[in-house]
Amino acid sequence: MHDTVVSADELVRRTVRHADWVPCRAAFIDCRTPGSDRKDNYSFIGPGVTQNASQHVNLREPHGFNLGAAGMPHGTTNSLHLHFTAEVFINLDGDYQLRWGPDGTQGTYRSVDGDIVSVPPWIFRGFTNVGDDDGILLTVLGRDDTGGIIWGPTVLAEAAGHGLHLTADNRLIDTVAGDPLPEDVALIRPMDQAEIDRLDVYTAEQFRGRVVHAADRPWVAEPYLCSRLPGGGAELAPVIGWGTAESRAAAPRLLDPHGFALAWLRALPGDGVLTHRHDATQVLTVKAGHWAVTLNTGDDARTVELGPRDTLSVPPGAWRSMTALDADGGRTATPGTGELLVVTGGDGRVRHEWAPEVVAGARDRGRVLDADGYLAPAAVLAFAAGDD
Numbered sequence: 000m001h002d003t004v005v006s007a008d009e010l011v012r013r014t015v016r017h018a019d020w021v022p023c024r025a026a027f028i029d030c031r032t033p034g035s036d037r038k039d040n041y042s043f044i045g046p047g048v049t050q051n052a053s054q055h056v057n058l059r060e061p062h063g064f065n066l067g068a069a070g071m072p073h074g075t076t077n078s079l080h081l082h083f084t085a086e087v088f089i090n091l092d093g094d095y096q097l098r099w100g101p102d103g104t105q106g107t108y109r110s111v112d113g114d115i116v117s118v119p120p121w122i123f124r125g126f127t128n129v130g131d132d133d134g135i136l137l138t139v140l141g142r143d144d145t146g147g148i149i150w151g152p153t154v155l156a157e158a159a160g161h162g163l164h165l166t167a168d169n170r171l172i173d174t175v176a177g178d179p180l181p182e183d184v185a186l187i188r189p190m191d192q193a194e195i196d197r198l199d200v201y202t203a204e205q206f207r208g209r210v211v212h213a214a215d216r217p218w219v220a221e222p223y224l225c226s227r228l229p230g231g232g233a234e235l236a237p238v239i240g241w242g243t244a245e246s247r248a249a250a251p252r253l254l255d256p257h258g259f260a261l262a263w264l265r266a267l268p269g270d271g272v273l274t275h276r277h278d279a280t281q282v283l284t285v286k287a288g289h290w291a292v293t294l295n296t297g298d299d300a301r302t303v304e305l306g307p308r309d310t311l312s313v314p315p316g317a318w319r320s321m322t323a324l325d326a327d328g329g330r331t332a333t334p335g336t337g338e339l340l341v342v343t344g345g346d347g348r349v350r351h352e353w354a355p356e357v358v359a360g361a362r363d364r365g366r367v368l369d370a371d372g373y374l375a376p377a378a379v380l381a382f383a384a385g386d387d
């Protein structure tokens, strides 16, 4: 495994503080449509599907997925649109009415704080903040190149009435601001009705199967080799993909390929995940509490403290550990715990390399990893190996 040492400057660059979020209110073609004109769009990891070249992007290097957020005051609507890769909403705080289908009437779901909603590709979707307060939906889009976005025909028509057009190479043209209509590339035409009629149909029951509410989280009490060691007692709830879980009891709710794995991590103050590394990209976002994340080991060790909605991108091959400092500063499904959202690149299982002291301590407590990378009783594996 490649050994990545993260410098002090690189740690700062990879830390996206909530206080430093930079919104864009003209990211999409519906930015002048009444009811949709107050959206704040954020791009933290990759540009996502923004159609504005001025969109601020915190980290542009490929992670295998894109991470952003939609900030929407009460009553604000995100117009009907279609993606080609997975789109996952993480409700960090808010009350949203999600709808899907060509005209938004195929079905609806009311999303509340703590939900994770995986919207399948190739269906139109939109949502409205129906809560009393401003809300935040974190969004994860599959793959580095998402392929762009298709808007519903009525969305394009209404935008054109406000002087906004979209080119075939995904550029937003604002004739009100003086942009000329391009001569070298065509404007996007509405999707043919015949093709719209061929899109997948999802019932309310099928859609609800792609939602993991806070009460649905499949918590694993001993997810890692370090779980029995002091300071290593975090619990994991895998939601999408196998990700980093080392327990055979781990059962993610969604296994279809997204391009990433997504899980909740929770811990009491003083607990977390001890020192390890792996070859996948990984992004940590705090849902509740404050967390200390330490990268590198020995004299190179550097620690950053993260609060609610802060995000850290950990590069492949970097040693890392995570510790919950407190459980304040955000609502959590389990009172007294801090919560992290963990997004890991790739569709397959991720194999850890644990620090030598973790391996030795776990063995002293009767735990090792078997040949497939799963937790196993040390005594049983010793017997299988013929050890005395």
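Numbering (numbering that gives the first Met the number 0), first residue to last: 0 to 387. The C-beta atom is built at its ideal place from N, Cα and C for all residues, glycine as well. Remember, it's a predicted structure, so these values are computed and weren't measured experimentally.
Top-ranked residue by Cα proximity to residue i, from the options
i: Gln281; options: Val313, Gly297 and Leu264; result: Val313
i: Tyr373; options: Arg319, Ser246 and Cys225; result: Ser246
i: Pro33; options: Thr49, Ala158 and Asp102; result: Ala158
i: Pro334; options: Val342, Leu305, Arg301 and Leu267; result: Leu267
i: Asp191; options: Pro101, Leu235, Arg252 and Ser78; result: Pro101
i: Leu10; options: Thr302, Asp346, Gly316 and Ala361; result: Thr302
i: Gly365; options: Ala69, Glu356, Val379 and Pro315; result: Val379
i: His62; options: Gly162, Asp144 and Leu340; result: Asp144
i: Phe259; options: Ala18, Thr138, Arg13 and Asp133; result: Thr138
i: Trp241; options: Gly345, Thr336, Ala185 and Phe206; result: Gly345
i: Thr296; options: His289, Trp318 and Gly288; result: Trp318
i: Val285; options: Ala279, Thr293, Thr274 and Gly306; result: Gly306
i: Val175; options: Ala185, Leu340, Gly160 and Pro152; result: Gly160
i: Trp353; options: Leu340, Ala185, Leu368 and Leu198; result: Leu368
i: Ala287; options: Gly162, Gly134, Ala185 and Leu264; result: Leu264
i: Asn77; options: Leu294, Ser226, Pro179 and Arg31; result: Arg31
Whole-number beta carbon distance between residue j and residue i, since they are thought to touch under 8 Å
i: Phe83; j: Pro120; result: 5 Å
i: Leu136; j: Phe88; result: 5 Å
i: Thr310; j: Gly271; result: That pair is no contact at about 17 Å.
i: Ala203; j: Pro217; result: Rounded, the Cβ-Cβ distance is 22 Å, inconsistent with contact.
i: Thr75; j: Ser35; result: 7 Å
i: Asp92; j: Asp112; result: 6 Å
i: Ala213; j: Ile187; result: Rounded, the Cβ-Cβ distance is 39 Å, inconsistent with contact.
i: Phe126; j: Arg109; result: So it is not a contact: roughly 10 Å between Cβ atoms.
i: Val200; j: Leu261; result: Contact flag wrong, Cβ pair sits at about 25 Å.
i: Arg348; j: Met0; result: At roughly 15 Å, the Cβ-Cβ gap does not stay under 8 Å, so Arg348 and Met0 are not in contact.
i: Ile239; j: Leu253; result: 5 Å
Cβ shell of residue i (< 8 Å), same chain only, five flanking positions each side left out
i: Pro46; result: Gln54, Val56, Arg59 and Asn65
i: Arg13; result: Val5, Leu58, Leu311, Ser312, Val313 and Pro314
Residues sharing a beta bridge with residue i, DSSP
i: Gln96; result: Arg109 and Thr127
i: Gly344; result: Phe259
i: Tyr41; result: Ala68
i: Asn90; result: Leu136
i: Leu254; result: DSSP lists no partner for Leu254.
i: Trp389; result: What the structure shows of the chain is the stretch from 0 to 387, and residue 389 is not part of that stretch, so it cannot be assessed.
i: Gln281; result: Val313 and Thr343
i: Trp290; result: Leu305 and Ala323
i: Thr202; result: In the DSSP output, where bridge partners are listed per residue, Thr202 has none listed.
Chain-order list of residues whose beta-carbon lies under 6 Å from that of residue i (same chain, five-residue window excluded)
i: Asp299; result: Val4
i: Arg16; result: Asp309
i: His80; result: Ile148 and Trp150
i: Leu155; result: Pro189
i: Ile115; result: Ile89, Val211 and Val238
i: Pro222; result: Leu235, Ala244 and Ser246
i: Val118; result: Glu86 and Arg124
Beta carbon proximity, residue i to chain D, threshold 8 Å
i: Val129; result: Absent here is chain D; the protein component of the structure consists of one chain.
Contacting residues, own chain, Cβ-Cβ under 7 Å from residue i (five flanking each side not counted)
i: Val129; result: Asp94, Tyr95 and Gln96
i: Asn51; result: Cys23, Ala25, Ala26 and Leu171
i: Trp20; result: Tyr41
i: Pro256; result: Asp346
Closer than 7 Å: residue i CB and nearest the ligand HEM heavy atom
i: Ser226; result: Because no ligand of any kind appears in the structure shown, any question about the ligand HEM cannot be addressed here.
Worksheet item: Fully enclosed by the stretch 114–182, which beta strand (DSSP E) runs are 3 residues long or longer?
Response: 115–118, 123–128, 134–141, 163–165 and 171–173
Report the start-end ranges of each beta strand (DSSP E) in the stretch 45–88 that is 3 residues or longer and not cut off at the edges.
Within the stretch 45–88, the beta strand (DSSP E) runs of at least 3 residues that lie entirely inside it are, in chain order, 56–58, 64–71 and 76–81.
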